[in-house]
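Q:
Chains as they are written, first to last, in this note's numbering: chain A, 1 to 236; chain B, 1001 to 1236.
(1) Taking Cβ-Cβ distances shorter than 7 angstroms, what residues in chain A pair up with residue 1067(B)?
(2) Give the DSSP-derived three-state secondary structure of residue 113(A) in the structure shown.
(3) Which word fits residue 107(A), buried or exposed, when buried means at least 16 other C-beta atoms lie within 10 angstroms of its C-beta?
(4) Measuring CB atoms only, is the segment 1012 to 1029 of chain B touching the segment 27 to 43 of chain A, in the sense that at least three cross pairs come out at less than 8 angstroms?
(5) Output the residue ranges of the beta strand (DSSP E) runs that lie fully inside the segment 189 to 229 of chain A and measure 3 residues or longer, sorted by chain position.
(6) Tell me which same chain residues have a C-beta within less than 8 angstroms of the C-beta of residue 186(A), skipping the five on either side of it?
(7) Only counting the same chain, and skipping five residues up and downstream in sequence, which positions put a Cβ closer than 8 angstroms to that of residue 78(A)?
(8) Residues bridged to residue 99(A) by DSSP?
(9) I'd like the list of long-range same chain contacts for residue 1018(B), defined as Cβ closer than 7 angstroms, with 5 residues on each side in sequence excluded.
(10) Are the beta-carbon atoms of residue 1063(B) and residue 1041(B) separated by less than 9 angstroms?
(11) Can you tell me whether DSSP reads residue 131(A) as helix, strand or coil?
(12) Just the C-alpha distance for residue 1235(B) and residue 70(A), rounded to the nearest angstrom, thanks.
(13) Within the segment 1029 to 1112 of chain B, note down every full beta strand (DSSP E) run reaching 3 residues or more, in order along the chain.
(14) Just verifying my parser: in three-state terms, what is the DSSP assignment at residue 1177(B)?
(15) Determine the direct distance from the alpha carbon of residue 155(A) to that of residue 129(A), and round the result to whole angstroms.
(16) Please work out which residues of its chain come closer than 6 angstroms, Cβ to Cβ, to residue 210(A), disregarding the five sequence neighbours upstream and downstream, and give them in chain order.
(17) With 9 angstroms set as the bound, which would you pick, yes or no: does the beta-carbon of residue 146(A) sit closer than that to a beta-carbon of chain B?
(18) Compute the Euclidean distance between the alpha carbons of residue 1217(B) and residue 1208(B), then round it to the nearest angstrom.
(19) Give the residues of chain B in contact with residue 239(A), contact being defined as C-beta atoms less than 7 angstroms apart.
(20) Helix, strand or coil: which one does DSSP assign to residue 156(A)?
(21) Below 9 angstroms between beta carbons is the criterion; list the residues of the segment 11 to 24 of chain A that meet it against any residue of chain B, in chain order.
(22) Short of 7 angstroms in beta carbon distance, which residues of its chain neighbour residue 1105(B), apart from the five on each side in sequence? Order them along the chain.
(23) Can you give the beta carbon distance from residue 1167(B) to residue 171(A), rounded, assuming they're within the 8 angstroms contact cut?
(24) By how many angstroms is the C-alpha of residue 1086(B) removed from the C-alpha of residue 1118(B)?
(25) Less than 9 angstroms between CB atoms is the rule here; does residue 1042(B) satisfy it with respect to chain A?
(26) Mind reading off the beta-carbon distance from residue 223(A) to residue 198(A)? Whole number of angstroms is fine, and I expect it under 8 angstroms.
(27) Throw me the rounded Cβ distance for the residue 1248(B) and residue 1173(B) pair, which I believe falls under 8 angstroms.
Shown next, in the form of structure tokens:
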């Protein structure tokens, strides 16, 4: 039997209409939609975002993965999830895996794709890009991300402020994603590097309750929501 | 009279369906669509990309700007173009300025927006992000842009290979846009930095004639087309 195609689809940053026309078309032509989610809950923000664009009858299957750093546990979960996707594609079905933002940018889809390719190198995979949270944030703020001969670096705040120190003398613009867990350390580091006035905090970009903080000096004690990023424009 | 709104709209990397649902909706509700273009020709790739999504009757006005480094000439052109946009908005019309890719990422829209804000700070500007060329390239190649705790830096090859040398020890993944003019120098530098096997060249990403070159050692003498970018994954 001819195998189906796996589509890795970015659904954008939160506003349902910041999904591409192509993503909507493909999502309405697949047999199953998979969405990675934490095993702690049965909710998928990505699935929620696309729901208004979908035919009611397309099944959405949540691929649970544990919120752990235990590599063995993670590996077992990814194997099981990859197997579910491969089973559908092998039956000849076209399927989609949806992901918040863009599938190639800090997304679980990359891990799933690798696991699937290892298990079955012949599976046809097509990727449909999506608008990232930092693009939505820069659009909301109305501040350029990068222009002319400048550079732009995207770093993760998950390991703390280290990456910010690494890059600050080597890039004109910096985006720090995942600033929640080490927020106070990151804000302290911004201050040490004389960047507080160059930084803007954007939370829930493109979602309900979007918040933009221009003056971070006033907000050092308030921990922002989970989905928060920093835009830093050295020239700004 | 109540002023209209100016929408800065990214139309994506080339494939007409990689535009967002929101961009299509807004484009079909504005009175005029502006698109920056070179005064050398009367063609706008951005306008071409959106054409299939538009009502026939919406006028598309090209904003010519000279391909020069002469700041006075450029400044006059931007002033004139900004004035045209302001005139429409002041008449109460909602208008859009379209841009290839994303309006906040290496786009002429940033300059236009600044000029307009200087001339009339009260004009309401809303930005609708678009898929960038490097997202489309990474989707086509099926290679992750950035994941986990990694960093990603986007640099311009317009001034040559310098930015690549600046960043290479400080970022896990690098995208170099605008590699056309200094292609040979850039390829030589990749070799010096032992990056040739980590780099993939993508030309006309998402457009007709898309080309992906995995083995750059074989292609050092062939100058790629104008719209070409390099994806470098150090781990890759």
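Using N, Cα and C, we set each Cβ at its ideal position, and we do this for glycine too.
The structure presented is a predicted model; accordingly, all values stated were derived computationally and were not measured.
A: Taking the definition as stated:
(1) Stepping through the second chain from its first residue, residue 1067(B) is reached at position 67. Listed along chain A, no residue sits closer than 7 angstroms to residue 1067(B) by beta-carbon distance, the nearest being about 15 angstroms off.
(2) If you number the first chain from 1, residue 113(A) lands on position 113. In this structure, residue 113(A) counts as helix in the three-state DSSP scheme.
(3) In the first chain, counting from the first residue as 1, residue 107(A) sits at position 107. Around the CB of residue 107(A), 16 or more other CB atoms lie within 10 Å, so the residue is classed as buried.
(4) Output reads no: the segment 27 to 43 of chain A does not touch the segment 1012 to 1029 of chain B.
(5) Uninterrupted beta strand (DSSP E) stretches at least 3 residues long and entirely within the segment 189 to 229 of chain A occur at 199 to 203, 211 to 213, given in chain order.
(6) Here residue 186(A) is taken as the residue at index 186 of the first chain, counted from 1. Only 157, 160, 161, 164, 176, 179, 230 meet the Cβ criterion.
(7) Start at 1 with the first residue of the first chain, and residue 78(A) comes out as number 78. Taken in chain order, the residues that qualify are 65, 111, 112, 115.
(8) Your numbering for residue 99(A) matches position 99 in the first chain. Residue 99(A) is bridged to 10(A).
(9) As a working note, residue 1018(B) is residue 18 in the second chain. Around residue 1018(B): 1012, 1131, 1136, 1206.
(10) Residue numbering aside, residue 1063(B) sits at position 63 when the second chain is read from its first letter. Residue numbering aside, residue 1041(B) sits at position 41 when the second chain is read from its first letter. No, the pair does not count as a contact, with Cβ atoms beyond the cut-off.
(11) Sequence index remark: in the first chain, residue 131(A) carries index 131 (1-based). Residue 131(A): coil per DSSP, three-state reduction.
(12) Counting from one through the second chain, the residue named residue 1235(B) turns up at place 235. Counting from one through the first chain, the residue named residue 70(A) turns up at place 70. It is roughly 22 angstroms from the alpha-carbon of residue 1235(B) to the alpha-carbon of residue 70(A).
(13) Counting only runs of 3 or more residues that sit fully inside the segment 1029 to 1112 of chain B, the beta strand (DSSP E) segments are 1032 to 1038, 1060 to 1065, 1095 to 1099, in chain order.
(14) Residue mapping note: residue 1177(B) aligns to position 177 of the second chain, counting from 1. Strand.
(15) Taking the first residue of the first chain as position 1, residue 129(A) is located at position 129. Taking the first residue of the first chain as position 1, residue 155(A) is located at position 155. Near 20 angstroms, if we compare the C-alpha coordinates of residue 155(A) and residue 129(A).
(16) Start at 1 with the first residue of the first chain, and residue 210(A) comes out as number 210. 204, listed in sequence order.
(17) As a position in the first chain, residue 146(A) is number 146, starting the count at 1. At least one CB of chain B lies nearer than 9 angstroms to the CB of residue 146(A).
(18) Looking up residue 1217(B) in the second chain gives position 217. Looking up residue 1208(B) in the second chain gives position 208. If I take the Cα positions, the gap works out to 25 angstroms.
(19) In this structure chain A extends from 1 to 236, so residue 239(A) is not present and cannot be described.
(20) Indexing the first chain from 1 puts residue 156(A) at position 156. When secondary structure is reduced to three states using DSSP, residue 156(A) falls in the strand class.
(21) Result list: 12, 13, 15, 16, 17, 18, 19, 20, 21, 22, 23, 24.
(22) Counting from one through the second chain, the residue named residue 1105(B) turns up at place 105. Result list for residue 1105(B): 1132, in chain order.
(23) Reading the second chain from its first residue, position 167 is the one you call residue 1167(B). Reading the first chain from its first residue, position 171 is the one you call residue 171(A). Residue 1167(B) to residue 171(A), Cβ: 7 angstroms. Contact.
(24) By 1-based counting over the second chain, the position of residue 1118(B) is 118. By 1-based counting over the second chain, the position of residue 1086(B) is 86. Between residue 1118(B) and residue 1086(B), the C-alpha separation is close to 11 angstroms.
(25) Position 42 of the second chain, counted from the first residue, corresponds to residue 1042(B). Between residue 1042(B) and chain A, the shortest Cβ-Cβ separation is not below 9 angstroms.
(26) Here residue 223(A) corresponds to residue number 223 of the first chain, with the count starting at 1. Here residue 198(A) corresponds to residue number 198 of the first chain, with the count starting at 1. Going by Cβ atoms, the distance from residue 223(A) to residue 198(A) rounds to 21 angstroms, so no, they are not a contact pair.
(27) The question about residue 1248(B) has no answer here: the residues shown for chain B are numbered 1001 through 1236.
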